[in-house]
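Heads up, the thing below is written out as structure tokens.
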Amino acid sequence: MKHIMMIGFGAMAQVVWQNLPEGLELSWVVVPEHSITKVRKQLPEQVQVMASIAACKQVPDLVIEVAGQAAVREHAEAVLAKGWDLALISVGALADEDLSLRLQQVAKQHDSHLIALAGAIAGMDGLAAARELGLHAVTYQGRKSPQSWQGSHAENLLDLQSLQAAQVFFQGSAREAAMLFPANANVAATVALAGLGMDDTQVELIADPAVSRNQHTITATGEFGEMRIELMGVPLPANPKTSTLAALSVLRQCRQLVQSIQI
């Protein structure tokens, strides 16, 4: 039996926990101090619920962050400094260049790994492979319903409540997108890490009242040829700002721990 730790226990974490592959067990959950009592009631007694990484005295086979960018800033360095591998769903946190460099240095020093999960999109293996010979341009377009952008910086840029037609409200680099829209633009950061980097990956974000699913379009050109990837994701029922595929990407990473053939 292999054991995992989760940082966070919201809607995505619960989907992952309920669908863990055979041979894996959730043994530790890290949440804010004020949430410990509530989360303990949701989990079996053998799962240790705590507020800090230091409280774990054993060694997880994998630590998974499913709590947002603030949790990456709070806990990631402590995880990597213990020599534990950390899989991130909140990849947008790495748009903070100082944080990204610091985490890379700590991981190298302690022989641990920082794994950027694909999250709500697909094709990052192909994009990263194409980079080996040279990429010319990479763009990402994110199109979501107005309600999916509520609570984000988009509310300061347009009237989401009365929007009647699709409207582009952001064009810029992946770094800018990830910093301005931390809960919605992890995909932009993931595309950037797989391809041309935070500053050379172009991003366009759209609010569209005609769509009910989150739509992602990635285009890339390079020495390999041309690539176009389109996805229409179904949001998690418990959290419409989160893609179901993002939760499944966490499950896939968990499965890698127990699968003999890895893809």
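Counted from 1, the sequence shown has number 107 at position 104 by the working numbering; the numbering is strictly sequential. Each residue gets a CB set at the ideal place from its N, CA and C atoms; glycine is no exception.
If you ignore the 5 residues before and after residue 242, its C-beta comes within less than 8 Å of the C-beta of 13, 14, 15, all in its own chain and listed in chain order. Put simply, the backbone Cα of residue 182 is about 13 Å away from that of residue 102. Approximately 7 Å separates the beta-carbon atoms of residue 97 and residue 196; this is inside 8 Å, confirming the contact.
Residue 202 and residue 184 have their C-alpha atoms spaced approximately 16 Å apart. Two segments are said to touch when three or more pairs of C-beta atoms, one from each, lie closer than 8 Å; by this definition the segment 230–249 touches the segment 122–133.
Runs of the alpha helix (DSSP H) lying entirely within the segment 88–174, each at least 4 residues long, are 100–113, 127–134 in chain order.
In this chain, the beta strand (DSSP E) harbouring residue 234 covers 228–236. As DSSP reads the structure, residue 21 sits in no beta bridge.
Residue 4 is not bridged by DSSP to any residue. Around the beta carbon of residue 240, fewer than 16 other beta carbons sit within 10 angstroms, so the residue counts as exposed. Annotation: the segment 27–76 contains the following complete segments of the alpha helix (DSSP H) (minimum length 4 residues), in chain order: 39–45.
Straight-line spacing of the CA atoms in residue 118 and residue 237 works out to 24 Å.
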